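Participant: Positions 0 to 780 (numbering that gives the first Met the number 0) are the ones given, in order, by the first sequence.
Each residue gets a CB set at the ideal place from its N, CA and C atoms; glycine is no exception.
This structure is a prediction, so every number in the text was calculated from the model and none was measured.
The structure under discussion is supplied below as structure tokens; questions concerning it will follow.
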Amino acid sequence: MKPYDPKVIEAKWVKKWREDKLFQGTAVKKATDKLYILYAFAYPSGSGLHVGHVEPTTALDMYARYSRMAGKDVFFPVGWDAFGLPAENYAIKTGIHPAKTTKDAIHAFEKQIERVGISYDWETEIATCHPGYYKWTQWIFTQLFKAGLAYRDKGWVNWCPADKTVLANEQVVEGKCERCGTAVIQKELEQWKFKITAYQDELLDDLDQVNWPNSTKLQQKNWIGRSEGAEVSFQLSVISSEQILKCFTTRLDTIEGVTFVVIAPEKFREMGLMDNVGASFMTPVQEYLDAASHKTEEQRRVGEKEKTGVDTGLTLIHPLTGEEVPLWIADYVLSGFGTGVVMGVPSLDERDSAFAKKFGLPIKEISLDKTVGQLLKEHPEVFSKKTNYKLRDWLISRQRYWGAPIPMTFCNKCGWQAVPDKDLPVLLPELEDFKPTDDGRSPLEKASEEWKYTICPECGGKAKREVDTMDTFVDSSWYFLRYTDARNETEFASKEQMKKWLPVDTYLIGPEHIVLHLLYARFFTKFLRDQGYLDFDEPFMKMRHQGMILGPDGKKMSKSKGNVINPDEIIEKFGADTLRVYEMFMGPLDADKAWDMGSVAGVYRFLSRIYSLFQTNAKGDLGNKGDKGLTKKLHKTIKKLTEDLPQMRFNTAIAALMELVNVWSESSAQHAGFTPEELEIVAKLLAPFAPYLAEEMHRGNTGDEGDKGSIHEQKWPEYDPILIEDEEVEYAVQVNGKVKGRFTIASSAHKDEIQEKALTFISGKPKKIIVVPRRLVNIVV
RNA sequence: GCCGACGUGGCGGAACUGGCAUACGCGCAGGACUUAGAAUCCUGUGGUCGCAAGACCUUGGAGGUUCAACUCCUCUCGUCGGCACCA
């Protein structure tokens with residue numbers, strides 16, 4: 000008998016599968032019963048495959064392998080979100096071109112993933128840094144520009160002094176750069192933005208169409224932040240001014256209680272209200288405005304404990320009562336949200352109350368006797384219905400090297416022009432110095448004159464290229480479309496190919512992508528649909544999230560904590576099958592789980608036992624005798640796996656397999672076992688989980704001649720519904736809900752018989768008897 | 001502050017639609033094999049009391065609904081995640 004040696008077994012089959020191109024070239028195949036399975040676009044980091052990658056990819060691989068065996072046409076592609084800052088930072092530090100480090104990293108990942116036994120279709124592999132890919136990223140940009148959804152906008156933007164790049168508000172985490180952690184400061188720049196807000200209602204409403212976790216939908220909803228309310232017009236009481244301040248409120252019914260109005264510093268400046276400020280207020284107001292303009296969002300947040308503000312000395316006319324209410328400036332009001340003006344109702348709002356108390360503003364108690372509807376109807380000249388959104392347009396310009404160049408040119412005569420389709424892609428020029436310019440402009444500013452200057456497509460004159468590149472979120476907002484037709488040179492993907500596979504049926508992404516990536520990909524889908532390229536509204540029909548794999552200490556894995564588990568080492572020691580089964584056995588897919596080396600060894604033991612039982616059984620030492628009890632367990636296991644696998648409940652499926660092996664082991668000790676046909680079923684059941692071992696069991700002993708083909712191309716077994724029927728059932732007998740005993744009875748037994756038998760456990764007369772078929776009898780006395 | 005999750009043995013977890021709580025694995029204890037160890041196999045393993053038969057308790061805590069609650073309801077404590085002067 001051969002010992003279980005995963006190294007030998009796995010090396011043999013990984014080579015065979017590669018030679019046979021198992022599961023390759025699936026995109027062009029017929030898709031009669033299609034299933035598009037997708038794992039989140041991965042960044043090819045230099046540190047290689049992480050156990051945290053193994054979990055979700057293995058989960059989808061098990062699902063894919065099962066689905067193929069169950070007769071589905073499975074499309075399971077892979078690719079790389081290859082542009083990005085880490086490679087660029089590394090290049091700045093070492094001078095090694097990001098294209099090289101990225102390519103090396105991708106090769107390393109490819110090898111590791113193949114070794115884990117992930118059944119990706121590599122023939123549609125893509126990388127966003129490949130010109131054949133970013134040509135279409137640029138093309139989509141030009142389409143958005145032509146549709147008026149890509150536009151220039153000047154304004155205050157988040158500026159990371161370390162990365163020398165602009166960050167979207169949504170990419171600033173706690174006032175710090177999402178990627179490097181440096182405190183973000185404010186800077187004014189001209190940028191390209193995508194008008195995602197054009198789709199805000201649809202992005203909200205279409206969430207009803209998809210099968211996503213509710214908490215994910217809710218987070219998308221909250222991010223878009225639609226709130227129905229009203230706009231209130233306040234007029235400056237200075238006679239010489241016609242200025243109207245509009246403020247948004249969701250509580251128009253509290254209007255009577257307004258005793259002051261607060262305006263954002265930027266808004267105050269923008270409206271030129273300084274001209275109306277009285278002499279005695281000039282100095283403090285000017286000082287406050289100056290201080291506010293130097294504050295970053297981070298500093299404004301720190302000011303949370305103590306609200307600041309300044310009286311402008313100006314008053315506004317209350318639209319309902321005609322009273323004069325003071326206008327204050329405070330930086331807790333943000334100009335980017337709503338109208339940048341807030342009405343203060345200190346009697347009802349806690350924050351307003353705190354502000355009023357601090358600055359001695361009046362507080363007016365009110366009764367809410369008019370509804371919003373009535374107010375809107377009675378005073379249409381000052382109140383109007385308004386819907387406000389939290390969502391802002393998507394700022395995509397980046398002052399970076401390692402990204403797709405924005406395909407735009409600027410001509411003094413014709414302004415901004417999109418690069419014509421025939422001139423795409425605008426190739427990213429080779430540079431030796433990847434740093435931004437000293438004054439913070441894009442690295443591409445340092446490209447050759449030939450690259451930087453071109454001909455204006457409109458007038459034929461001299462035009463300068465845009466030197467900014469695109470946010471990498473742009474690259475990853477359409478990659479799932481490209482997979483269907485990854486080598487197409489004339490379209491981003493043909494309509495036939497997209498119709499065949501899209502939308503994505505099952506998408507697995509980490510919880511970190513719940514808001515931004517999903518929102519952007521959904522926006523692109525809706526835009527391309529409106530341009531006539533797609534015929535569906537939502538890109539990802541069903542979605543699940545994987546949990547985090549924590550270190551053995553229960554904490555997030557990190558180099559500094561020294562709790563990082565390297566998948567290569569696990570494979571070296573126990574094999575890929577053990578790694579796969581262990582990671583799926585740890586717990587439910589969406590939960591965070593801590594690594595446990597002891598349990599890894601337990602899984603290895605489990606697979607070893609299978610291999611040794613298999614060999615004993617296959618040799619015929621058990622006389623190829625069937626075992627009725629074992630057959631029953633086998634069919635029950637088929638049923639359990641057939642239910643668990645489509646739901647991606649791998650931990651309970653593996654537990655069921657372990658139970659089967661325990662029964663098999665007992666049977667083997669009695670010199671009984673599976674018939675050859677049943678043995679083949681066991682290999683099939685094992686195939687999605689431990690693909691190498693299953694293949695070895697299926698065709699390990701056959702030479703090239705008479706090869707039965709791969710286990711992974713076999714049909715998933717069906718259970719016999721009659722075989723799984725038990726002839727006898729055990730009932731628990733409860734008295735007043737507490738278990739007092741149990742009995743066994745024929746499963747065909749009548750209710751009366753069951754009751755009668757249960758009653759022997761008590762003396763006296765019961766008040767009530769409840770019989771739960773096949774489970775228990777509860778006697779109430 | 002707001003929103004969303006989640007609390008089950010020593011540990012990871014199971015329990016489907018309200019129906020025997022603790023499946024499966026780890027760990028631990030004892031045993032077999034062995035010169036010894038490793039490996040493997042077998043047995044036991046929620047807690048308390050008890051020689052035992054058994055009794056009582058147990059899903060963060062307190063109540064409630066129900067013949068029956070890990071599951072539903074109310075309150076409460078704790079942990080994690082997301083968002084935030086969002087009007």
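According to DSSP, residue 733 sits in a beta bridge with which residue or residues?
Facilitator: In the DSSP output, where bridge partners are listed per residue, residue 733 has 738, 777.
Participant: Under the three-state reduction of DSSP, which class applies to residue 57: helix, strand or coil?
Facilitator: Looking at residue 57 - three-state DSSP - the assignment turns out to be helix.
Participant: Residues in the same chain with beta-carbon distance under 6 Å from residue 470, minus the five sequence neighbours each way, listed in chain order, please.
Facilitator: Here the set comprises 395, 397.
Participant: How many whole angstroms separate the CB atoms of residue 12 and residue 41, which I take to be in contact at a CB cut-off of 8 Å?
Facilitator: With 8 Å as the limit, residue 12 and residue 41 do not qualify as a contact, their Cβ atoms being about 25 Å apart.
Participant: Taking only three categories from DSSP, how would you classify residue 540?
Facilitator: The answer is strand: DSSP assigns residue 540 an E or B state.
Participant: Which ranges would you report for the beta strand (DSSP E) in the stretch 398 to 440 if only whole runs of at least 3 residues count?
Facilitator: 407 to 410, 414 to 417, all fully within the stretch 398 to 440.
Participant: Using a Cβ-Cβ cut-off of 8 Å (strictly less than) and excluding sequence neighbours within five positions of residue 14, which residues of its own chain qualify?
Facilitator: For residue 14, where only same-chain residues beyond five positions count, there are no Cβ hits under 8 Å.
Participant: Would you list the residues sitting across from residue 323 in a DSSP beta bridge?
Facilitator: Per DSSP, 316.
Participant: Taking only the alpha-carbon atoms, compute the straight-line gap between residue 369 and residue 414 and give it to the nearest angstrom.
Facilitator: Answer to the nearest angstrom: the Cα atoms are 53 Å apart.
Participant: I'd like the ranges of any alpha helix (DSSP H) spanning at least 4 consecutive residues and lying wholly in the stretch 453 to 488.
Facilitator: Counting whole runs of 4 or more residues, the stretch 453 to 488 contains the alpha helix (DSSP H) stretches 471 to 474, 478 to 481.
Participant: Less than 8 Å between the C-beta atoms of residue 206 and residue 505, yes or no?
Facilitator: For residue 206 and residue 505, no; Cβs fall outside 8 Å.
Participant: What first and last residue would you give for the beta strand (DSSP E) that runs through residue 189?
Facilitator: Run containing residue 189: 184 to 193, per the beta strand (DSSP E) assignment.
Participant: Indicate whether the contact test is met: 3 or more Cβ pairs, each with one atom in the stretch 710 to 728 and one in the stretch 638 to 645, closer than 8 Å.
Facilitator: With the cut-off at 8 Å, the stretch 710 to 728 and the stretch 638 to 645 touch.
Participant: Just list the alpha helix (DSSP H) runs in the stretch 23 to 85, keeping only unbroken ones of 4 residues or longer that don't cross its boundaries, in chain order.
Facilitator: You should have 50 to 68.
Participant: At the level of alpha carbons, what is the spacing between residue 634 and residue 578?
Facilitator: Cα to Cα, the separation comes out at about 27 Å.
Participant: Helix, strand or coil for residue 196? Go by DSSP, reduced to three states.
Facilitator: Of the three classes helix, strand and coil, the one that applies to residue 196 here is helix, per DSSP.
Participant: Does residue 149 come out as helix, strand or coil in the three-state DSSP assignment?
Facilitator: It is a strand residue.
Participant: Per the contact definition of three or more C-beta pairs closer than 8 Å, is the stretch 514 to 527 in contact with the stretch 476 to 486?
Facilitator: Flag = yes, the stretch 476 to 486 and the stretch 514 to 527 touch.
Participant: Looking only at its chain, what residues have a beta carbon closer than 6 Å to the beta carbon of residue 802, apart from the 5 residues adjacent to it on each side?
Facilitator: Given a span of 0 to 780 for the chain in the structure shown, any question on residue 802 remains unanswerable.
Participant: By DSSP, does residue 209 sit in helix, in strand, or in coil?
Facilitator: Reduced to three states, the DSSP call for residue 209 is coil.
Participant: Compare the C-alpha of residue 363 against each of 378, 343, 737, 16 and name the closest.
Facilitator: Ranking the options by Cα distance to residue 363, first place goes to 343.
Participant: For residue 303, which residues in the same chain have their Cβ closer than 7 Å to its Cβ, ignoring the five residues on either side in sequence?
Facilitator: Residue confidence is low: residue 303 scores 48 on pLDDT, short of 50, so the model does not pin down where it sits. Its coordinate-derived value is still stated next. No residues qualify anywhere along the chain.
Participant: Considering residue 562, what are the terminal residues of the alpha helix (DSSP H) in which it resides?
Facilitator: Residue 562 -> no alpha helix (DSSP H), and no H or E assigned at all.
Participant: Taking three-plus beta-carbon pairs below 8 Å as touching, is the stretch 431 to 449 in contact with the stretch 491 to 504?
Facilitator: No: the two stretches stay apart, fewer than three of their Cβ pairs being nearer than 8 Å.
Participant: Go ahead and label residue 481 buried or exposed: buried means 16 or more other beta carbons lie within 10 angstroms of its beta carbon, across all protein chains shown.
Facilitator: It counts as buried.
Participant: Can you give me the start and stop residues for the alpha helix (DSSP H) that residue 650 sits inside?
Facilitator: Run containing residue 650: 649 to 668, per the alpha helix (DSSP H) assignment.
Participant: Kindly list the residues whose CB is nearer than 8 Å to the CB of residue 649, restricted to its own chain and excluding five residues on each side of it in sequence; keep chain order.
Facilitator: Excluding sequence neighbours, residue 649 sits near 58, 61, 583, 584, 588, 643, 688.
Participant: For the beta strand (DSSP E) holding residue 248, just list the boundary residues, first then last.
Facilitator: Where residue 248 is concerned, the enclosing beta strand (DSSP E) stretches over 243 to 248.
Participant: According to DSSP, residue 555 sits in a beta bridge with which residue or residues?
Facilitator: Beta-bridge pairing links residue 555 to 549.
Participant: According to the Cβ coordinates, are residue 152 and residue 190 closer than 8 Å?
Facilitator: Yes. Within cutoff.
Participant: Could you say if the stretch 209 to 225 and the stretch 525 to 544 meet the contact criterion of at least three C-beta pairs nearer than 8 Å?
Facilitator: The stretch 209 to 225 vs the stretch 525 to 544: in contact.
Participant: When DSSP labels each residue in this structure, what does residue 126 get in the three-state scheme?
Facilitator: Correct three-state label for residue 126: strand.
Participant: Looking only at its chain, what residues have a beta carbon closer than 7 Å to the beta carbon of residue 509, apart from the 5 residues adjacent to it on each side?
Facilitator: Correct list, in chain order: 39, 544, 545.
Participant: Which whole-angstrom value describes the C-beta separation of residue 332 and residue 261, a residue pair presumed to lie in contact below a C-beta threshold of 8 Å?
Facilitator: Indeed they touch by this definition, with Cβ atoms about 5 Å apart.
Participant: On the criterion of 16 or more Cβ atoms from any shown chain inside 10 Å, does residue 468 qualify as buried, or is it exposed?
Facilitator: Buried.
Participant: Label residue 564 either buried or exposed according to how many other C-beta atoms from any shown protein chain fall within 10 Å of its C-beta, with 16 as the threshold for buried.
Facilitator: So residue 564 ends up on the buried side.
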